[in-house]
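Numbering (our numbering) for the sequence shown: 5 to 239.
What follows is a set of notes on a single structure, which appears directly below.
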Amino acid sequence: MGFAKWGYPELVKFTFLALLLAGSSYYLCNVHFGVPVIGWALVGVFSAFALFVISFFRDPPRRIGGEALDIVSPADGTVTDVSSGPVMCEEFIEGEAHWVGIFLSVFNCHINRSPLDCEVKFLRYKQGKFLDARDPDCGRINEQQIIGAHASAANNGKFVVKQIAGAIARRIICPLKPNETLSRGEKFGMIKFGSRTELWIDAATCDVEWKVKVGDKLKGGSSIIGRITPKAQQG
5 MGFAKWGYPE
15 LVKFTFLALL
25 LAGSSYYLCN
35 VHFGVPVIGW
45 ALVGVFSAFA
55 LFVISFFRDP
65 PRRIGGEALD
75 IVSPADGTVT
85 DVSSGPVMCE
95 EFIEGEAHWV
105 GIFLSVFNCH
115 INRSPLDCEV
125 KFLRYKQGKF
135 LDARDPDCGR
145 INEQQIIGAH
155 ASAANNGKFV
165 VKQIAGAIAR
175 RIICPLKPNE
185 TLSRGEKFGM
195 IKFGSRTELW
205 IDAATCDVEW
215 KVKVGDKLKG
225 GSSIIGRITP
235 KAQQG
């Protein structure tokens, strides 16, 4: 297992700080003040924090399965919303869309992945609030990176991935550029600490059969969350 390249600065900084504090606590409490119980307790706390940081920025290997029209999860986490019918999407699609929302806790891997083979056509960073990522309004008013793309296997049908900051997450990483191509399951960025990811698929050009329900646990890239069918290919 490796680590997310976008998290190297925090990984090194916070792990070093935690281990430094653990060592200092051991020395001061055990050697200087003669209270080893407190010293060992603090060592345990700071060591646990170091392990948390290491775990947060992990980049576990993922097997990308399924076929070209199978939608893989764009993030690890828990499904919080699945549309039962088309709803309005004002960004890029500018019309009705099928959508799914995924909550990422601080214990999930926070790397984002492309749900389909695609070409990036639209990028917009939207300033906003920092509501809890489980709040139903956060996808509309929280700070977020919006990525619009054409799905190459679905007659260039449009879809949108939203990287949404939560109450804890304050930094969204998305180094993508217009006209860049991505493969299904390919890593394209991350959201640091608790956050939310949403996927919106244009209802005018594609039908979607979701294969997940609220409460399902997902692994980015390896969980198949639905299947897209271009309307031009139906029948």
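All C-beta atoms in this analysis are idealised placements derived from N, C-alpha and C, irrespective of residue type, glycine included.
Just mark residue i as buried or exposed, buried being the case when its beta carbon has 16 or more other beta carbons within 10 Å.
i, result
"GLU202", "buried"
"VAL218", "exposed"
"SER187", "exposed"
"GLY239", "Here the model assigns GLY239 a pLDDT of 48, short of 50, so the residue's position is not dependable and the matter cannot be decided."
"ASN112", "buried"
"PRO179", "exposed"
"VAL35", "exposed"
"VAL212", "buried"
"LEU24", "exposed"
"ALA208", "exposed"
"ALA268", "For the chain, the structure presents residues 5 to 239; residue 268 sits outside this window and is missing."
"PHE192", "buried"
"VAL91", "exposed"
"GLU147", "buried"
"GLY38", "exposed"
"GLY189", "buried"
Checking the sheet assignment: what are the DSSP bridge partners for residue i?
i, result
"PRO234", "CYS210"
"VAL76", "ILE228"
"HIS36", "Answer is none; HIS36 lacks a bridge partner."
"THR185", "GLU123"
"TRP204", "TRP103 and VAL164"
"ARG128", "ILE150"
Could you have a look at residue i and say whether DSSP puts it in helix, strand or coil?
i, result
"PHE107", "strand"
"ASN116", "strand"
"VAL83", "strand"
"ASN159", "coil"
"LYS9", "helix"
"GLU123", "strand"
"HIS154", "strand"
"SER29", "helix"
"GLY143", "helix"
"VAL216", "coil"
"LEU135", "coil"
Please say whether residue j and residue i have beta carbons closer to each other than 7 Å?
i, j, result
"ILE106", "GLY132", "no"
"GLU100", "THR185", "no"
"ASP121", "LYS162", "no"
"ALA158", "CYS210", "yes"
"ASN116", "ALA153", "no"
"GLY143", "ILE168", "yes"
"ALA54", "ALA8", "no"
"VAL57", "SER29", "no"
"SER87", "TRP103", "yes"
"ILE145", "LYS166", "no"
"ILE68", "GLY225", "yes"
"LEU108", "SER51", "no"
"GLY6", "ASP63", "yes"
"SER77", "LEU222", "yes"
"GLY11", "PHE61", "yes"
Roughly how far, in whole angstroms, is the beta-carbon of residue i from the beta-carbon of residue j, given that I think they are within contact range, below 8 Å?
i, j, result
"TRP204", "GLY230", "Contact doesn't hold; Cβ gap of about 12 Å is too wide."
"ILE75", "ILE228", "7 Å"
"CYS2", "VAL16", "The structure shown does not extend to residue 2, since the chain is modelled only from 5 through 239, so no value can be given for it."
"PRO182", "LYS125", "6 Å"
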